[in-house]
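**Student:** I'd like to ask some things about the structure below.
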Amino acid sequence: MKPPGSRPSRLVWLLLLAAWFPLPGLWAATVTTVTTNLWSLQPLQHPAIPPASGPSEWRNNPIDAFVADKLRQLGLQPAPPADRGTLLRRLSFDLIGLPPSAEETAAFLRDSRGDAYERAVDRLLASSHHGERWARHWLDVVRFGESQGFEYDRIREHAWRYRDYVIQAFNDDKPYDQFIREQLAGDVLLEANAVSVIATGFLVAGPWDQAGHSSASASVRAMVREAELEDIVGTVAQTFLGVTLNCARCHNHKFDPIPQRDYYRVKAVFQGVNHGDRHFPGGSTNDWSYAANASQPEATFILNRGEPDKPKDQVTPGALEALAAHSGELGLAADSPEGERRRRFADWVASPENPLTARVIVNRVWQHHFGRGLVATPNDFGKMGEPPSHPELLDWLSAWFVSPDGANWSLKRLHKLIVTSAAYQQSSVISKSVISESVTAKRSPAGELNAASPITESPALQRDADNRLLWRFTPHRLEAEELRDALLALSGELNPQMGGPGFRPFRHVTNGGQNEYFASDPAGAEFNRRTIYRISVHSARDPLLDSLDCPEFSTRTPVRANTTTPLQALSLMNDSFVQRQAAKLAERVQREAGPDLKYQVDQLWFLTLAREPKPAERRDALKLAREQGMASAAWVLLNSNEFVFVR
Amino acid sequence: MLSRSLNRRHFLFRSACGFGGVVLGWLCAEEARAAALASPYAPKPPMFPARAKRVIHICALGGVSHVDTFDYKPELERRHGQDSGRKFDTFFSQPGRLLKSPFAFRQYGGSGRWVSDLLPYLAGCVDDLTFIHSMHSKSSNHTPATFLMNSGFTFNGFPSAGAWVSYGLGSENQNLPAYVVLPDPRQLPAGGSINWTNGFLPAVHQGVAFRSGERDPIPDLATPSDISPARREASVHLLEKLNAADAAAHPGDSALAARIRAYELAAQMQLRVPELVELSRETAATKSAYGLDHPNAATAGFARNCLLARRLSERGVRFVQIFNGGQFGSPRINWDGHEDIVENHRKQALTMDQPVAALLRDLKQRGLLDETVVLWTTEFGRTPITQGIDGKGRDHHQHGFTIWAAGAGLQPGLAFGATDEIGYDAVENPVEFYDVHATLLRLLGVEHTKLVFRHNGVDRRLTDVHGEVVQGILA
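Protein chains in written order, with our numbering: chain P, 1 to 647; chain D, 1 to 475.
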């Protein structure tokens, strides 16, 4: 599946060897030659859209033409469209992170207009819940924490403003190039304002070592600062460029055309940035945000093995050298003003000429719609990353995304194009024909099924078990926040209050400036807000969310793990929060469906699974509700696979 | 193996093949295949023959003074009160004068290892211990140094050794977590759960911290008290039925079978964990040997954790981590003896000495020490000089300190490496935590350079890009 021209030539291998055994002269002379080979560093291609093929619903969207073309090449058929209840549930979790209400489901199932689905897409994209859902994806990538981490782990009382900034940006469909500029340089832009200053919370969302910074030892302080800058530089490069620049702190990058010098040139751009609270323009004296506090930095030197006490050559601020068609030479002198450095760097990133920028964000958006990126390693578009499954599609989408005639940097237009594709609307069920084909093929002469022929022998599963080519929709377990938010939505307890300081579901003990946090489950409206408003304190973990793979706050997490564990089962079985929501859900169906248990059961099914119960299910649930109460039936559904998976 | 496969068959009968009417043969085969993979703690074979099956890691936090415990320096006695003649870049930058150990050193056992009178119980175990006197670390700052000791990195968010071992080897017991943490009963360590994070590894490898002294040490372990057994049973019955029918309607989705299996494992855990922490079957002699009846509550609490560690190891838990010491506030409840080394280290030693010695003896007596590595570490040592000219305490010191290990695959009674005559620098066979981690993995049958996890473009390792097995301590 490598794109054409991605196979490294012999020359490149030599150059890679040069990276292993760096000879400064060789590097300077050859680095631009290397750039012609790594696919992600090439200028965006503008591939022609393949001729439409496949079923009629696959003929309306350029995405489908690219996907169908690949399927055809492998002799695979796309799945039929998902049934409408399933589709609305999928779309709703995807775009707003919440299940559809019973009314929304009923209305959608009744709506026979040709554009009913498109209307649902527009409605959900316009919902203020959309930003709350997609901000979570972004905060994962940028390692957003609301405490210092390390020894003291003190809470950052004003860090929530950055979280709100991201939510608002997604709701407002802020053009992505502006979103980039504000986060990298919002405090020093010519048009700097309160919003853009708050945006620089991005740079300082990582941990900060209070004890190390207050050490009397200069060498301790220098080490701590160097690690902090690596966190900032690494996050900038991975988030916007999909480049693991942090790997070049101690030596030339071992796999990608990134000399050690690049790391220090970018470090020089951000070297003036410090952590801290600051006022923002127009705010009152009590208005603070945790954001970049910049000052003019000292000279920047390449450090031997990345060690602060081993300076080598001085560098000027700059960007990556390896993009041949988009020079990383920013025209900055070694002593150029701090603000000018970040402004120019931000312009370099937020440029339609930067092929990494567009590819990386398009890939992230794709990933969260389909469960997997076209590039499966969204923070690494280098040689150690995975090549794209659909390189032409990725480039077509990227070029379209930045083009004034296309999405013009609008994320909502990109979302809409993707979710209205037939590829997205496919069923996740592995079709009977796919299975029976393989079973027939594997029948032994005696006509018995061979026990050793699992269905993974089917053509689709055999050729593309991971569904990289999208011959069906890949189902996935609800993420931690989706699950918790869905429980609140279903129980009717969800507090829709947006923004502001986060809720703190823990007991907080301070001891001489140090902090201990003990998870708890306080009840009350304040704690029934969406999970994105839970304060992200490094050492205040939540057993329920942890068990559902809620990531470590200090780790850049572009792809969450998706595990299934006994501790997860225990949480969903016994956690007091789950119990409480099950009880409230039972009360709700009793309230809404009236005294007849049968209607209550139907309503329970409709709310949680967006469908009616089958007769046998209804019978069983009625029996359980009669004997053990409706809360038991609610508990069963909230623990069921059908509820926990999005299909 | 037998019981596990029976268990699985039982589960399959109930959940996949027993319900849902028409369930084809291939479905069962597929589900069985998925279920076999479904235990997240499923044991994985080591890369080469393992000397040890499991680990107990005791972390003494705050920085244990090597020159006051295991690294005897007669030169300090001779030059007591003199200027060290060395440059000390200490954390608080108040370098004082050379300070002889206020504790008396003696040689013990057949091996003749030196131990101070601070640790009389452990002194009796020296013939089973393997000392590394030549440790040095990258940081003299508690939390980065502790992170380095546990995860191989000085920054937040990298998986701890226990998480790596869980990831690499799974567990021998599917009914208990593979990586269990027993925090100091007085307080969590600084940084709390960051210390046992799975980092970027899947969540199942996160350390499961037991709450001290509770029947339900794991959150959400117990069925809520207001739910009767009959109610839970009837509910679970319907849940299994729905899940089985759903799995039958979605062949090929192994995640469904995995989730069904997780509920089965959870039920097992609900039975096994309370039994594990129930100590009434332990003899009075055992409890007393550990110090569960100790008048000092901190000692008794830590003793209980040491006894629990044995019970966890006995049941095949792969990695048990015990913390001795909490945060760095005041009053000090760890080994961070800046103000007064005698007062601080006496207090800490009292909590740790007897229980750890009892754990070693208990493991040995039960034959468990032959297949378990007990690793005792501290994040750094302490300066051979005082903090402040007239100080009575010692500052952090990362250039030379002592750790020890005991058990499977190690040379007992060995003193490996050495610091210089005043305990400043590791001069003979210097060892870093990368090397300790590499050696630990080797004992478990794992090549440290091959235990990798691809994360954001890097093949991450516990040992980063460093680490050499300390061959000199292996049996």
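Cβ atoms here follow ideal geometry from the backbone N, Cα and C, with glycine treated the same way.
Taking any Cβ of chain P, which residues in the stretch 309–322 of chain D have a Cβ under 7 Å from it, in chain order?
**Tutor:** The stretch 309–322 of chain D vs chain P, Cβ under 7 Å: nothing.
**Student:** With Ala163/D and Gly191/D assumed to form a contact (beta carbons below 8 Å), what rounded beta-carbon distance in angstroms separates them?
**Tutor:** Within the second sequence, residue 163/D is the residue found at index 163, counting from 1. Within the second sequence, residue 191/D is the residue found at index 191, counting from 1. Actually they do not touch by this definition, with Cβ atoms about 15 Å apart.
**Student:** Residue ranges of each beta strand (DSSP E) run of no fewer than 3 residues wholly in the stretch 361–410 of chain D, ordered along the chain?
**Tutor:** With a minimum length of 3 residues, the continuous beta strand (DSSP E) runs that stay inside the stretch 361–410 of chain D are 372–378, 385–387 and 401–407.
**Student:** Among the residues of its own chain, which have a CB less than 6 Å from the CB of Ala29/D, if the five just before and after it don't count?
**Tutor:** Sequence index remark: in the second sequence, residue 29/D carries index 29 (1-based). Residue placement at Ala29/D cannot be trusted, given a pLDDT of 42 that sits under 50; what the coordinates show is reported in the next sentence. No residues qualify anywhere along the chain.
**Student:** Use the C-beta contact count for Gly134/D: other C-beta atoms within 10 angstroms, 16 or more gives buried, fewer gives exposed.
**Tutor:** In the second sequence, residue 134/D corresponds to position 134, counting from 1. This sequence places Ser at residue 134/D; Gly is not what is there. It counts as buried.
**Student:** Quick one: list the residues of chain D neighbouring Tyr517/P, beta-carbon separation under 8 Å, in chain order.
**Tutor:** For this step, residue 517/P is matched to residue 517 along the first sequence. Neighbours of Tyr517/P on chain D, chain order: Gly192.
**Student:** List the residues of chain A that Trp635/P touches, going by C-beta distances under 7 Å, in chain order.
**Tutor:** No chain A is part of this structure, whose protein chains are labelled P and D.
**Student:** Just to make sure I have the definition right: I need the residues of chain D whose C-beta is within less than 9 Å of the C-beta of Val601/P. Which are they?
**Tutor:** Counting from 1 along the first sequence, the entry for residue 601/P is found at position 601. By Cβ distance, chain D contributes nothing, its closest Cβ being about 12 Å from Val601/P, past 9 Å.
**Student:** Under 7 Å between the Cβ atoms of Ala423/P and Val67/P?
**Tutor:** Taking the first sequence and counting its residues from 1, the one referred to as residue 423/P is at position 423. Taking the first sequence and counting its residues from 1, the one referred to as residue 67/P is at position 67. In contact: Ala423/P and Val67/P (Cβ atoms closer than 7 Å).
**Student:** What does DSSP give as the partner residues of Ile483/D in its beta bridges?
**Tutor:** For residue 483/D there is no data in the structure shown, the boundaries of chain D being 1 and 475.
**Student:** Starting from the Cα of Glu282/D, find the closest Cα among Leu265/D, Arg272/D and Arg304/D and give me that residue.
**Tutor:** Against the second sequence, residue 282/D aligns to sequence position 282. Cα-wise, what sits closest to Glu282/D is Arg304/D.
**Student:** Taking buried to mean at least 16 other C-beta atoms within 10 Å of its own C-beta, is Val360/P buried or exposed?
**Tutor:** Counting from one through the first sequence, the residue named residue 360/P turns up at place 360. Val360/P comes out buried.
**Student:** Closer than 8 Å by C-beta to Lys364/D: which residues in its own chain qualify, once you throw out the five before and the five after it? Chain order, please.
**Tutor:** Mapped onto the second sequence, residue 364/D falls at position 364. Hits under 8 Å: Asp128.
**Student:** Taking the runs of the alpha helix (DSSP H) that are 4 residues or longer, which of them lie wholly in the stretch 116–199 of chain D?
**Tutor:** You should have 120–123, 142–151 and 161–169.
**Student:** Is Arg513/D close to chain P, meaning its C-beta is less than 7 Å from at least one C-beta of that chain?
**Tutor:** Look at the range of chain D in this structure, 1 to 475, and you will see that residue 513/D is not part of it.
**Student:** As an exercise, report each continuous beta strand (DSSP E) stretch of at least 3 residues that is fully enclosed by the stretch 504–570 of chain P, in chain order.
**Tutor:** Taking only runs of at least 3 residues, the beta strand (DSSP E) segments lying wholly in the stretch 504–570 of chain P are 506–511 and 514–519.
**Student:** With distances taken from CA atoms, which of Met573/P, Ala107/P and Gly629/P is nearest Met269/D?
**Tutor:** On the second sequence, position 269 is the one that residue 269/D refers to. The candidate whose alpha carbon is nearest that of Met269/D is Met573/P.
**Student:** Does the distance from the CB of Arg529/P to the CB of Gln497/P come in under 7 Å?
**Tutor:** As a working note, residue 529/P is residue 529 in the first sequence. As a working note, residue 497/P is residue 497 in the first sequence. Yes, the Cβ-Cβ distance between Arg529/P and Gln497/P is below 7 Å.
**Student:** With three or more C-beta pairs closer than 8 Å as the rule, is the stretch 217–225 of chain P touching the stretch 137–153 of chain D?
**Tutor:** Because the criterion of three Cβ pairs below 8 Å is met, the stretch 137–153 of chain D and the stretch 217–225 of chain P touch.
**Student:** Do Gly382/P and Gly457/D have their C-beta atoms within less than 7 Å of each other?
**Tutor:** Along the first sequence, one-based indexing puts residue 382/P at 382. Along the second sequence, one-based indexing puts residue 457/D at 457. Yes, the pair counts as a contact, with Cβ atoms nearer than the cut-off.
**Student:** If I measure Cβ to Cβ from Ser640/P and keep anything under 6 Å in the same chain, skipping five residues before and after, which residues do I get?
**Tutor:** Residue 640/P sits at position 640 when you count from the first residue of the first sequence. Excluding sequence neighbours, Ser640/P sits near nothing in its chain.
**Student:** Report, in whole angstroms, the separation of the C-beta atoms of Leu61/D and Phe302/D, which I expect to be a contact under 8 Å.
**Tutor:** Residue mapping note: residue 61/D aligns to position 61 of the second sequence, counting from 1. Residue mapping note: residue 302/D aligns to position 302 of the second sequence, counting from 1. The pair is not a contact, with the Cβ atoms about 12 Å apart (cut-off 8 Å).
**Student:** Counting contacts by CB-CB distance shorter than 7 Å, is Gly69/D in contact with chain P?
**Tutor:** If you number the second sequence from 1, residue 69/D lands on position 69. Looking at the sequence provided, one finds Thr at residue 69/D rather than Gly. Not closer than 7 Å to any Cβ of chain P, the Cβ of Thr69/D fails to qualify, so no.
**Student:** Determine the DSSP secondary structure at Pro95/D, reduced to helix, strand or coil.
**Tutor:** As a working mapping, residue 95/D is identified with position 95 in the second sequence. Pro95/D falls in the strand class under three-state DSSP.
**Student:** In chain P, which residues lie with their C-beta within 7 Å of the C-beta of Arg231/D?
**Tutor:** Residue 231/D sits at position 231 when you count from the first residue of the second sequence. Simply Gln628 and Ser632.
**Student:** Please check if any C-beta of chain D sits within less than 7 Å of the C-beta of Met498/P.
**Tutor:** Working through the first sequence from its first residue, we reach residue 498/P at position 498. Cβ-Cβ to chain D under 7 Å: no for Met498/P.
**Student:** What would DSSP say about Leu221/D, mapped onto helix, strand or coil?
**Tutor:** Along the second sequence, one-based indexing puts residue 221/D at 221. It is coil, neither helix nor strand.
**Student:** Would you verify that the beta carbon of Arg619/P is, or is not, closer than 7 Å to some beta carbon of chain D?
**Tutor:** To locate residue 619/P, count along the first sequence from 1; it is residue 619. It does not: the Cβ of Arg619/P has no partner Cβ on chain D nearer than 7 Å.
**Student:** Along the chain, where does the beta strand (DSSP E) that runs through Asp277/P open and close?
**Tutor:** As a first step, residue 277/P is located in the first sequence; it is residue number 277 there, counting from the start. Segment Asp277 to His279, the beta strand (DSSP E) holding Asp277/P.
**Student:** Candidates Gly423/D, Gly413/D and Leu279/D: which alpha carbon is nearest Arg79/D's?
**Tutor:** Counting from one through the second sequence, the residue named residue 79/D turns up at place 79. Comparing Cα-Cα distances from Arg79/D to each of Gly423/D, Gly413/D and Leu279/D, the minimum goes to Gly423/D.
**Student:** Give the residues of chain P in contact with Asn456/D, contact being defined as C-beta atoms less than 8 Å apart.
**Tutor:** Residue mapping note: residue 456/D aligns to position 456 of the second sequence, counting from 1. Those are Gln238, Thr244, Thr377, Asn379, Asp380, Arg556 and Pro558, listed as they occur along chain P.
**Student:** Taking the straight line between their C-alpha atoms, what separation do you get for Ala583/P and Ser491/P?
**Tutor:** Working through the first sequence from its first residue, we reach residue 583/P at position 583. Working through the first sequence from its first residue, we reach residue 491/P at position 491. Roughly 8 Å separates the two Cα atoms.
**Student:** Beta-carbon separation of Ala292/P and Thr200/P under 7 Å?
**Tutor:** As a working note, residue 292/P is residue 292 in the first sequence. As a working note, residue 200/P is residue 200 in the first sequence. Yes, Cβ-Cβ distance for Ala292/P and Thr200/P is below 7 Å.
**Student:** In the DSSP assignment, what residue or residues form a beta bridge with Arg460/D?
**Tutor:** Here residue 460/D corresponds to residue number 460 of the second sequence, with the count starting at 1. Answer is Phe453/D.
**Student:** Let me confirm a value: Arg261/P is counted as buried when at least 16 other C-beta atoms fall within 10 Å, else exposed. Which label applies?
**Tutor:** In the first sequence, counting from the first residue as 1, residue 261/P sits at position 261. The residue in question, Arg261/P, is buried, as its Cβ has 16 or more Cβ neighbours within 10 Å.
**Student:** Do you know how far the Cα of Phe453/D is from the Cα of Arg461/D?
**Tutor:** By 1-based counting over the second sequence, the position of residue 461/D is 461. By 1-based counting over the second sequence, the position of residue 453/D is 453. When rounded, the distance between both Cα atoms is 7 Å.
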